[in-house]
Every structure is written in C-alpha cells, then in structure tokens.
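*Asks:* I have a structure I would like to understand better, so I am pasting it below and will then ask my questions one at a time.
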Amino acid sequence: MRGEVHVNTAESFFALLKRGLHGIYHAVSKKHLHRYLAHAEFLYNNRELEDGDRVIAAIRAADGKRLMYKEPLIA
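Add 215 to a position in the sequence shown, counting from 1, and you land on the number used in my numbering.
Structure representation (structure tokens):
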C-alpha cells in the first residue's frame with residue numbers, strides 16, 4: 216500500500232464510473248471514452264466537495280480552455 220492507494224480505492228472509483236455509465240449516459244462510444252473517464256475522475260477527486268464548490272472547481276479547471284466537441288476542419 217502507498218498512501219491512499221489500495222484495492223478499495225480502485226473498486227470505489229470503478230463503482231462510480233460504472234454507475235455513471237449506466238445511470239447517466241446509458242450508451243458510451245469508444246471515440247469519447249476518454250471524456251467519460253475524465254468526468255468520472257473529476258467527480259471522484261472532488262467527491263468530498265459540496266455541489267456548489269464542485270461547480271466552481273469545474274469552471275476554474277475550464278478557464279482558458281476551448282471546449283469543443285471535435286477539432287475544426289481546416290479548408
């Protein structure tokens with residue numbers, strides 16, 4: 216065991232991920248799997264924050280970043 220790294224931590228993260236995939240998204244594409252994982256990672260890492268504080272953390276993390284569904288095509 217290293218600090219907070221143990222089997223229960225991994226099981227807790229995957230339970231959160233599984234609950235999100237089945238309960239929120241219902242269908243997941245391979246193309247965007249990294250986005251679903253990033254969302255689950257954010258929720259897990261900020262699980263002890265209140266909802267409002269979590270929203271503020273998400274806004275701060277997005278500050279200065281372009282949020283695009285896909286890269287624009289250059290003609």
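Glycine included, every Cβ here is placed at the ideal spot set by N, Cα and C.
By how many angstroms is the C-alpha of residue 259 removed from the C-alpha of residue 224?
*Replies:* Residue 224 sits at position 9 when you count from the first residue of the sequence shown. Residue 259 sits at position 44 when you count from the first residue of the sequence shown. Their Cα atoms are separated by approximately 10 Å.
*Asks:* Quick check on residue 243: does DSSP put it in helix, strand or coil?
*Replies:* Taking the sequence shown and counting its residues from 1, one reaches residue 243 at position 28. Residue 243 falls in the coil class under three-state DSSP.
*Asks:* Checking 8 Å against the spacing of the C-beta atoms, do residue 232 and residue 255 come in under that value?
*Replies:* As a first step, residue 232 is located in the sequence shown; it is residue number 17 there, counting from the start. As a first step, residue 255 is located in the sequence shown; it is residue number 40 there, counting from the start. Yes, they are a contact pair.
*Asks:* Just the C-alpha distance for residue 267 and residue 257, rounded to the nearest angstrom, thanks.
*Replies:* For this step, residue 267 is matched to residue 52 along the sequence shown. For this step, residue 257 is matched to residue 42 along the sequence shown. Between residue 267 and residue 257, the C-alpha separation is close to 14 Å.
*Asks:* How long is the line joining the alpha carbons of residue 240 and residue 289, rounded to whole angstroms?
*Replies:* Position 25 of the sequence shown, counted from the start, is the residue given in the question as residue 240. Position 74 of the sequence shown, counted from the start, is the residue given in the question as residue 289. Computed Cα separation, rounded: 31 Å.
*Asks:* Out of 243, 261 and 245, which one is the CA nearest neighbour of residue 276?
*Replies:* By one-based count along the sequence shown, residue 276 stands at place 61. Nearest of 243, 261 and 245 to residue 276, Cα basis: 261.
*Asks:* Check whether the Cβ atoms of residue 236 and residue 251 lie closer than 8 Å to each other.
*Replies:* Counting from one through the sequence shown, the residue named residue 236 turns up at place 21. Counting from one through the sequence shown, the residue named residue 251 turns up at place 36. Contact: yes.
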